[in-house]
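Be aware that the sequence shown starts at 0, since it is given in numbering that gives the first Met the number 0, and climbs by one per residue. We put the beta carbon where it would ideally sit given N, CA and C, even for glycine. In what follows, a structure is listed as structure tokens, so that the remarks can point back to it.
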Amino acid sequence: MNVVVTGGAGYIGSVCVEELLQAGHTVTVLDSLSEGHRSAVDPRARFVQVCLSDREGLRSAIADARPEVIIHFAALALVSESMAQPGKYFANNVAYGLNLIEAAREMGVRKLIFSSTCATYGVPERVPMNEDLPQQPINPYGESKLMFERILKWYHQIHGLEFVAFRYFNAAGASERCGEHHRVETHLIPNVLKVVLGQASECSIFGTDYPTPDGTCIRDYIHVTDLAQAHILAMKPGIAGFFNLGNGDGYSVRQVIQACEKITGHSIATVNQSRRPGDPPRLVAAADRAVRELGWKPRYPRLDDIVASAWQWHRRHPQGYPD
Ligand code: UDP
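This is the structure in structure tokens:
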């Protein structure tokens with residue numbers, strides 16, 4: 000199939016591009032390179048540097064690529080930043096996303112696959128979380144993704160555009176070639192590994208007074224290639240709707256740091272900090288729907304394997320991508 004991947008130079012997008020090419024698809028990446036890295040894009044993919052705010056540029060890129068499916072990763076995804084600059088999140092994740100969906104409709108694209116998030120649920124009533132829980136985001140990031148989910152529902156109902164929205168839990172790990180490199184790193188596993196690489200003296204633990212067994216936040220970490228695989232499965236006709244993607248196992252911040260110590264063989268200095276605004280205490284997926292309807296089967300569900308793949312990539316690329 001002809002596939003357009005927005006954000007294909009970013010962390011999850013670049014791994015998905017590799018998997019799509021591996022599966023024999025033709026891929027055009029659209030990325031502004033504001034967060035992504037040109038060298039993360041597999042050389043077998045076509046690359047167009049365009050920001051989704053540029054409606055004309057976007058329309059002509061999609062007209063050239065003539066995709067049957069668009070996979071839409073390009074977005075901002077930091078809870079704490081969204082709590083400081085909500086407007087930036089609504090512009091990028093909602094308004095620019097709307098430019099994409101309009102272009103998709105005009106060009107007769109069959110399906111849009113969207114990167115949503117477990118942050119759309121807010122503080123869940125229960126864990127593990129299935130897709131039917133109420134969605135009450137507690138930060139503008141989650142709100143912006145929920146708004147786009149709703150836009151997709153209306154476009155499906157009114158224009159017949161098919162969609163799949165994946166609610167990711169915590170993407171982590173790396174493929175052989177592609178890993179996690181944000182210019183300003185805020186994510187837990189890369190921040191912990193920076194200490195091991197000697198690039199930071201200690202790792203902050205944001206909040207030690209949460210209602211969890213060790214007082215730190217619990218998250219469900221999912222290997223980035225397993226996330227990517229779900230997108231390939233979602234391209235099949237007949238697959239539609241909302242799916243959680245996680246392993247169903249929750250690990251606290253302290254448990255993740257311990258796993259990193261075990262895998263790297265280094266002890267990691269930590270410093271307790273106050274809570275980060277907008278962080279729910281515990282997010283763990285029930286991904287039964289994806290397993291049942293997509294036939295999705297994560298290949299690397301163990302936290303140790305996820306951390307090991309991240310460590311391998313960061314050890315080989317201590318400065319991340321060159322660009
Ligand atoms: N966290 C932390 N120290 C860090 C980075 C993150 O304690 O240097 C915590 C963060 O507060 C959250 C969890 O680790 O509870 C996962 O955060 P991350 O930013 O990796 O992903 P998020 O869940 O925000 O998408």
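Using the beta-carbon count (16 or more within 10 Å), is residue i buried or exposed?
i    : result
N138 : buried
K261 : exposed
N91  : buried
G7   : buried
Q318 : exposed
K144 : buried
R166 : buried
R218 : buried
P133 : exposed
I157 : exposed
D322 : exposed
W153 : exposed
P136 : buried
D63  : exposed
G159 : exposed
G247 : buried
A268 : exposed
S114 : buried
G12  : buried
A73  : buried
G23  : exposed
V16  : buried
V270 : exposed
G9   : buried
S273 : exposed
S266 : exposed
P297 : buried
Taking C-beta to C-beta, are residue i and residue j nearer than 9 Å?
i    : j    : result
E201 : V194 : yes
L97  : E34  : no
V306 : G172 : yes
L111 : H71  : yes
Y220 : N169 : yes
G214 : R275 : no
H316 : H180 : yes
R281 : G245 : no
C216 : D287 : no
Y88  : L51  : no
V68  : L29  : no
M146 : V93  : yes
M128 : A284 : yes
E18  : R58  : no
G197 : W312 : no
H222 : D304 : yes
Just to check my reading of the structure: residue i and residue j have Cβ atoms closer than 8 Å, yes? What is that Cβ distance to the nearest angstrom?
i    : j    : result
V2   : V40  : V2 to V40, Cβ: 14 Å. No contact.
V252 : I204 : 5 Å
I61  : A102 : 5 Å
A118 : G86  : Contact doesn't hold; Cβ gap of about 18 Å is too wide.
E130 : F242 : 7 Å
V14  : P66  : Not really, about 19 Å apart at Cβ, beyond 8 Å.
Y320 : T224 : Actually they are not in contact, since the Cβ atoms of Y320 and T224 sit about 18 Å apart, beyond 8 Å.
L226 : W310 : With 8 Å as the limit, L226 and W310 do not qualify as a contact, their Cβ atoms being about 19 Å apart.
I238 : E292 : 7 Å
Assess, as a yes-or-no matter, whether the region 77–84 is touched by the region 38–53 under the definition of 3 or more beta carbon pairs within less than 8 Å. no
Could you check whether the region 222–236 touches the region 152–165, counting it as contact only if at least three pairs of C-beta atoms, one from each stretch, sit closer than 8 Å? They touch, by the three-pair rule.
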